[in-house]
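Notes to accompany the following structure.
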Amino acid sequence: MKTAYTVALLSLLAAPAAAFSPNNKLTSTSLPSSRSSLSPLFAFPYKIGAKTEGVLINNRFTVDSLKSILPSDVSMTEIALLRFALAFPDEKEAKAALLKAIQWRQTKGKAIVTAAQEAVAQATANGGWDNDIVRNSAPHASLINEYITPKAVITTSTEDGDLVYVIRASQINDKELMDKCTVDQVVDFFMYAKEVHNLVANDRSVKTGRMCSVLFANDISGVRKAPDKRFSKALTSSSDQYESLYPSLAGPTMILNLPLVLQAFVGLLKPLFPKSVQERLVFKRAPVLASLKELTPLGVDEGVRLKFVREVKSLLP
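Residues in the sequence shown are numbered consecutively from 293, following my numbering.
Have a look at this one:
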């Protein structure tokens, strides 16, 4: 029974939603496409640690071409445009994907994007990071923050500056959460978190001269039940939009501390994930993470955080 629950959880975590705390301790437009759907050609089109300037130089023509089609009322950084150029080597597809993302940002996602931009600006106003501002500015925060807490979901940084998103789903009371919230409300919350990560990663890519990625660490420790179907639907909906709205942002997806009974079936588990994620999957044991009763120490104990992010680095392909 536990095996079935774990398999269900793995399908839920195919492309997990993001939390906050990256601490360092359009108008209607025709969207042409040569494929039936716009999905990135490359799962991870640059090497982790790649120099921003070099990647930008190699893709300058496409970046400039994308910049030329931006609506007059839309502002996007070169790094944001670069991520589309990297994910879609075909210039026409890159333009179509960009316009589709802009359309979302100007319509359904406008309030989410605006809230994230304002929250990040306020959180970094004093040169540091005030996570309470970002957390409390999330859509429907008064309902969701009680359940999506640092005990179960947290984002930290590697010593090189990449963001590491960590989730331990067994510590989220997803049924109670979904009894109080609608699927759409939870989707909005997760999309806001993705936009926060996007803003931070792009800013770091400029300031550090190193392309910043988001590494996913899914801790399977403590799995005892199948995920709530409504919560799964919310995660699936937000995750389905991740690659198209934020291409070239996600790095490896690590499935950590998988029960021994399932470790022999890793080859069978991979098809549970989207093809773009399969190429980034890493199944490993993470003793430091497994030893934590909850994830909170990763945000408050520098010694524990360093042990964990060094463990993460050792697990990367």
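Just so it is clear, CB atoms sit at the ideal spot from N, CA and C, and this is done for glycine as well.
- By the C-beta density criterion, R577 is exposed, having fewer than 16 other C-beta atoms within 10 angstroms.
- Within 10 angstroms of the beta-carbon of S530 lie 16 or more other beta-carbons, which makes it buried.
- Around the beta carbon of A417, fewer than 16 other beta carbons sit within 10 angstroms, so the residue counts as exposed.
- Close CB contacts of K339 within its chain, under the 8 Å cut and outside five residues either way in sequence, are absent.
- The residue among G591, V515, Y484, K486 with its C-alpha nearest the C-alpha of D466 is V515.
- Under the three-state reduction of DSSP, P589 is assigned to helix.
- DSSP, read as helix, strand or coil, puts F482 in helix.
- Exposure of L552 is indicated by the presence of fewer than 16 other C-beta atoms within 10 angstroms of its C-beta.
- Here DSSP, grouped into helix, strand and coil, assigns I340 to coil.
- In this structure V458 is not in contact with K525, their Cβ atoms being roughly 23 Å apart against a cut-off of 8 Å.
- Cα atoms of L348 and R496: separation of roughly 15 Å, rounded to the nearest angstrom.
- Residues L362 of the same chain have their beta carbon placed closer than 7 Å to that of M368, with the five preceding and five following residues left out of the count.
- Per the coordinates, the alpha-carbon of R602 lies some 33 Å from the alpha-carbon of D520.
- By the Cβ test, the segment 585-603 is in contact with the segment 444-463, since at least three Cβ pairs between them sit closer than 8 Å.
- Classified as buried, N490 has 16 or more neighbouring CB atoms from the shown chains inside 10 Å of its CB.
- In this structure, the straight-line span from the alpha carbon of E571 to that of D471 is close to 35 Å.
- For M546, the enclosing beta strand (DSSP E) covers residues 542-548.
- Residue pairing by DSSP puts T447 in a beta bridge opposite Y457.
- Taking all protein chains in view, the Cβ of R352 is surrounded by fewer than 16 other Cβ atoms within 10 Å, so the residue is classified as exposed.
- When Cβ pairs closer than 8 Å are counted between the two stretches, the segment 420-430 is seen to touch the segment 394-411, the count reaching three or more.
- Proximity to A342 across G543, L607, D480 peaks at G543, based on C-alpha coordinates.
- For K525, no pairing in a beta bridge is given by DSSP.
- K486 has its alpha-carbon roughly 8 Å from the corresponding atom of Y534.
- When secondary structure is reduced to three states using DSSP, A509 falls in the strand class.
- Spatial neighbours of P337 in its own chain (CB-CB distance under 7 Å, excluding positions within 5 residues in sequence) are listed in chain order as L378, A379, S540.
- Rounded to the nearest whole angstrom, the C-alpha separation of T545 and L573 is 5 Å.
- The closest CA to that of I436, considering only P609, S513, D480, is found on D480.
- Proximity to G453 across E438, A493, D424, A415 peaks at A493, based on C-alpha coordinates.
- In this model, R502 and A582 are separated by some 30 Å (Cα to Cα).
- For V426, the uninterrupted alpha helix (DSSP H) run begins and ends at 423-428, by DSSP.
- Burial state of A403 is exposed, judged by a 10 Å Cβ sphere holding fewer than 16 other Cβ atoms.
- The three-state reading of DSSP puts V475 in helix, counting H, G and I together.
- Taking the Cβ atoms as the reference, A415 lies roughly 5 Å from D422, within the contact range of under 8 Å.
- By the CB criterion at 8 Å, T344 and V498 fall inside the cutoff.
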